[in-house]
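Participant:
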Ligand code: ADP
Ligand code: MG
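In this note's numbering, the protein residues as written are -5 to 613.
#1: Please determine if the segment 254 to 262 and the segment 197 to 216 are in contact, where contact requires at least 3 C-beta pairs separated by less than 8 Å.
#2: Identify whether residue 559 lies in helix, strand or coil by the three-state DSSP scheme.
#3: Ordered along the chain, which non-local residues of its own chain (more than five positions away) have a Cβ less than 7 Å from that of residue 205?
#4: I'd like the list of long-range same chain contacts for residue 282, defined as Cβ closer than 8 Å, with 5 residues on each side in sequence excluded.
#5: Taking its Cβ as the centre, do 16 or more other Cβ atoms sit within 10 Å of residue 381, making it buried, or is it exposed?
#6: Could you say which of 146, 584 and 229 lies nearest to residue 450 if we only look at CA atoms?
#7: Anyone know if the C-beta pair for residue 562 and residue 453 falls short of 8 Å?
#8: Could you give the distance in angstroms between the alpha-carbon of residue 406 and the alpha-carbon of residue 241?
#9: Could you work out which residue in 507, 486 and 542 is closest to residue 529 when comparing CA atoms only?
#10: Looking at residue 295 and the ligand ADP, is the gap between the Cβ and the nearest heavy atom below 7 Å?
#11: So, for residue 289: in the same chain, excluding its five sequence neighbours on each side, which residues have a beta-carbon less than 8 Å away from its beta-carbon?
#12: Got a sec, what are the start and stop residues for the beta strand (DSSP E) residue 447 sits in?
#13: On the DSSP letters alone, give me the boundaries of the alpha helix (DSSP H) that residue 531 sits inside.
#14: Below 8 Å, how does it come out for the segment 419 to 430 and the segment 473 to 484: are there three or more Cβ pairs, yes or no?
#15: Quickly, what does DSSP pair residue 434 with across the bridge? List them, please.
#16: Could you check which residue in 44, 497 and 564 has the C-alpha nearest to that of residue 142?
#17: Excluding five sequence neighbours on each side, which residues of the same chain lie with their C-beta closer than 7 Å to the C-beta of residue 677?
#18: For residue 479, list the residues DSSP reports as bridge partners.
#19: Distance check for residue 215 and residue 617, CA to CA, integer angstroms please.
#20: Is it buried or exposed for residue 137, if we count other Cβ within 10 angstroms and need 16 for buried?
#21: Please list, following the chain, all residues that have a C-beta closer than 6 Å to any non-hydrogen atom of the ligand MG.
#22: Drop a sphere of 10 angstroms on the beta-carbon of residue 243, count the other beta-carbons inside from all chains shown, and report buried for 16 or more, exposed for fewer.
#23: Run through DSSP, which three-state label would residue 138 get?
#24: Can you give me the start and stop residues for the beta strand (DSSP E) that residue 100 sits inside?
#25: Is the segment 585 to 596 touching the segment 424 to 435, taking contact as three or more C-beta pairs under 8 Å?
#26: Identify, in the order they occur along the chain, each residue of the same chain with its Cβ nearer than 6 Å to the Cβ of residue 354, setting aside the five sequence neighbours on each side.
#27: What is the DSSP secondary structure of residue 323, reduced to helix, strand or coil?
#28: Under three-state DSSP, which class holds residue 283?
#29: Cβ of residue 116 within 7 Å of any heavy atom in the ligand ADP?
#30: Quick check: the Cα distance between residue 472 and residue 435, rounded to an integer number of angstroms?
#31: Between the segment 156 to 170 and the segment 127 to 134, are three or more C-beta pairs nearer than 8 Å?
#32: Helix, strand or coil for residue 3? Go by DSSP, reduced to three states.
#33: In whole angstroms, what separates the C-alpha of residue 557 from that of residue 164?
#34: Would you tell me roughly how many angstroms separate the C-alpha atoms of residue 68 and residue 90, rounded to the nearest one?
#35: Of the choices 106, 23, 555 and 594, whose alpha-carbon is the least far from that of residue 168?
#36: Express the C-alpha separation of residue 569 and residue 515 in angstroms, rounding to a whole number.
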């Protein structure tokens, strides 16, 4: 090798920039983080030409005296940590001392800053890492950093910049993430002198979230709230009916820092499991606050990954917070149904407005799910649902502490509906009949028309009944008069053998006959026997598909879903009035009557108002 040399500083800054500054949005992120660390309450971001021509961030924070300003642009210069131990208890967003030197090495950079206690401001101009001049100037207290012609001396990076719209999409995205985490700060973003976003200061995180989520009504947001001696979980989750096709509506924060964290994300998804269709994602903001020494933020140069000292505790708390919020949703759901369809349209509009390039969106999804599946990484969590349910004191879901400023008649109407549904359930609906031999048509006291998907509803009922089976609480099983022989493939046979004991516990008695042959002898009495051999085959296939890595409890859940699905009343099956009313009263006994085990809705409703509107009787 041709001799080792220490890299010149400008070059090493450019290398660091390669990691930290991927695109204009990364500059915006680093500069805003600095402004937040400086205690600003107002941050103005001006962007010209998608950030190619100019990115300027001005704040009203603590500013810097001249000597500090000169230091700030040096590599490894930071005011945020001083010694080793600080690194393990980071309270600020920045700490690596890399951003300013990196950004100024790949742009035409101007820093103007004034400490409020001093009369004069300092202006430093840097081009491609070389200091052009340092001057005392007049300026308001705070800091203004202008980054012009980003990547002017790194053509390779410049070439990779996407369209103005795409780069702006990334900038808006970053600002939204930072804005949700800092509702106390006023953020204003302009692009080519036009205002793009303006988030006013507020004391209430919920208001910022609403500001962002646009027109989702408050009543479709459910609060996450858990506090114990170790951590606090707060935030909001939207009613599961309002879902998205990507995970981009999921915002996770640890101590105010936006993070992409597998533990929290996994807990969120586990908490909402069964209420969303495959491939749909919730809209949620989750804040986790925890002692600074219980989380390592120095995991990645972009600082948006963290490592928890006790990931399992975090997982349990988030899962619990989400489950509680959704419990509340279940009790309020029926009375609030009217607005939901509109809300889901609004959400898709919102996604369009952010205008990202689709490919990147899909890639980042892939990244997240792949990561979610990795089993060997440090933050691995495996929490079985039963285990997590047992821990911690039982916290009763509180009613939302948000005051609605609805008009009086609305409030009255709602109160009426709420009372109505609290006391009454599906069994109190008036059944009108069956449509297409698949949907039960009902009305609720003339105020709404309801369609119930008979198959989905019955699936839900069977699923919950089977799930309540616990060791020692084996459901009654019924013997088959003629035991049914089942032939499986080689891998399927191996897989089925592994869970025979568990199936037996649930009342599904299968014996291994030898080779790949099994005999079905008895089945849970609440199921019907018509299709069980086929169900067992599908169960075996599904286990092979899932692999045993997914955990026994997941496998059992899938098994139950398949059994419920095979046994449930079909579409295209005519039902008697007695059968319908039996179905409705059993639906009332379910914990989550509104969704089938696959996450599809079991019922839909149109209010009289919606119907009259559709017929243009009212406006
Ligand atoms: P880091 O944020 O990791 O400390 P930076 O390179 O981003 O490193 O910033 C270096 C230092 O410059 C910061 O530690 C801070 O003291 C100072 N600084 C940067 N931006 C601002 C700002 N907007 N207001 C006040 N001080 C700032
Ligand atoms: Mg910084």
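Glycine included, every Cβ here is placed at the ideal spot set by N, Cα and C.
Facilitator: According to the data block:
#1: no
#2: helix
#3: 193
#4: 225, 226, 227, 246, 247, 248, 249, 258, 308, 311 and 312
#5: Confidence at residue 381 is low in this model, with a pLDDT of 32, below 50, so its placement is unreliable and the value that follows should be read with caution. Classification of residue 381: exposed, given that the 10 Å Cβ count is below 16.
#6: 584
#7: yes
#8: Residue confidence for residue 406 is low, a pLDDT of 39 falling below 50, so the modelled location carries little weight; the figure read from the coordinates is stated next. Going by the C-alpha atoms only, they are around 37 Å apart.
#9: 486
#10: no
#11: 248, 249, 300, 301, 302 and 303
#12: 442 to 447
#13: 526 to 540
#14: no
#15: 428 and 446
#16: 44
#17: As shown, the chain starts at -5 and ends at 613. That puts residue 677 outside it, with no answer to give.
#18: 513
#19: Nothing can be reported for residue 617, as the shown portion of the chain is limited to -5 through 613.
#20: buried
#21: 24, 27, 28, 88 and 93
#22: buried
#23: strand
#24: Segment: none, residue 100 is in no beta strand (DSSP E) and carries neither H nor E.
#25: no
#26: Here residue 354 scores only 32 on pLDDT, less than 50, and its place in the model is too uncertain to base an answer on.
#27: helix
#28: strand
#29: no
#30: 33 Å
#31: no
#32: helix
#33: 45 Å
#34: 12 Å
#35: 23
#36: 29 Å
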